[in-house]
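See structure below.
Number of protein chains: 2
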Amino acid sequence: MNISDFVNQVDWVKVNGLVPVITQDYWRGRVLMLGYMNREALQKTLTERKITYYSRTRQVLWTKGETSGNFQIVKKVFLDCDNDTILIKIKQKGAVCHTGQSTCFYQEHK
Amino acid sequence: MNISDFVNQVDWVKVNGLVPVITQDYWRGRVLMLGYMNREALQKTLTERKITYYSRTRQVLWTKGETSGNFQIVKKVFLDCDNDTILIKIKQKGAVCHTGQSTCFYQEHK
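Sequence order for the protein chains is X and H.
Each residue of the first sequence is one higher than the one before, counting from 0 in numbering that gives the first Met the number 0.
Each residue of the second sequence is one higher than the one before, counting from 0 in numbering that gives the first Met the number 0.
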């Protein structure tokens, strides 16, 4: 499937233009973070094989790592059964989290 | 931390009352699905150690497996750095997906 067909397969109406994207470490399987992409961010991500999100707070495209150098390199891309969530297995350069942690999910409920 | 404190730690304003919840297979590490919980669903999930989502289409609480028997048993619960996404490592009984697949993310972009 080419990139445009994949982008069009997302149910953009259901997700109100912003699809949630889960990133997972390609080798270790650790879940790293959840971000959001609009159509343009997804197209750019699949083209460049490097993740670009849509920042909901700043309302701009945001290539993860553009300031820190901690890019997320795309290895495998999956769409779920409802076409409303994406999972991307990545190679994470450096720390994923702005706190310096190796996953954003470090607060455990015990 | 007790359950109420954990529930209160979620940034419910930012998520508009519905927090996205990623489920991951506790042993194999496979990402299974993404669902949403309101405050009540999260409280119920943490209390019963079995996942209850909030169905956005039906607008009701929905205990995964209540009709199929494919319950999601809670093993570990994590909140992300921004307090706006939850990751739950689970024991999945039977197939997770209504299509019978062992993950909802079975459509791969190649």
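Even for Gly, the Cβ is constructed at its ideal location relative to N, Cα and C.
It should be emphasised that the depicted structure is a prediction, and the values quoted were computed from it without experimental measurement.
Residue-level contact check: residue 10 of chain X does not touch chain H, since none of the beta carbons of chain H fall below 7 Å from its beta carbon. With respect to the 7 Å criterion, residue 18 of chain H and residue 34 of chain H are not classified as neighbours on the basis of their beta carbons.
Secondary structure of residue 3 of chain X (DSSP, three-state): helix.
In this model, residue 5 of chain X and residue 59 of chain H are separated by some 31 Å (Cα to Cα). Counting only runs that start and end inside the region 33-91 of chain H, the alpha helix (DSSP H) elements of at least 4 residues fall at 38-47. Its chain contains 2, 5, 6, 73 and 76 as the residues whose beta carbon lies nearer than 8 Å to that of residue 45 of chain H, once the 5 sequence neighbours on both sides are disregarded; these appear in chain order. Residue 18 of chain X is bridged by DSSP to X/36. For residue 82 of chain H, the CB contacts under 7 Å within the same chain, skipping 5 residues up- and downstream, are 8, 9 and 10 in chain order. Residues of the region 75-93 of chain H that bring their beta carbon within less than 7 Å of a beta carbon in chain X comprise 75, 76, 77, 78, 79, 80, 84 and 86, in sequence order. When DSSP states are grouped into helix, strand and coil, residue 23 of chain X belongs to the strand group. Residue 8 of chain X carries a helical assignment under DSSP once its states are collapsed to helix, strand and coil. For residue 59 of chain X, the nearest beta carbon of chain H is not closer than 7 Å to its own beta carbon.
Against chain H, a Cβ distance below 7 Å from residue 21 of chain X picks out 21, 30 and 33. The beta carbon of residue 98 of chain X falls within 7 Å of a beta carbon belonging to chain H, placing the residue at that interface. Secondary structure at residue 97 of chain X: coil, using DSSP grouped into helix, strand and coil. In this structure, the straight-line span from the alpha carbon of residue 62 of chain X to that of residue 105 of chain X is close to 23 Å. For chain H, none of the residues of the region 47-71 of chain X brings a beta carbon within less than 7 Å of one of its beta carbons.
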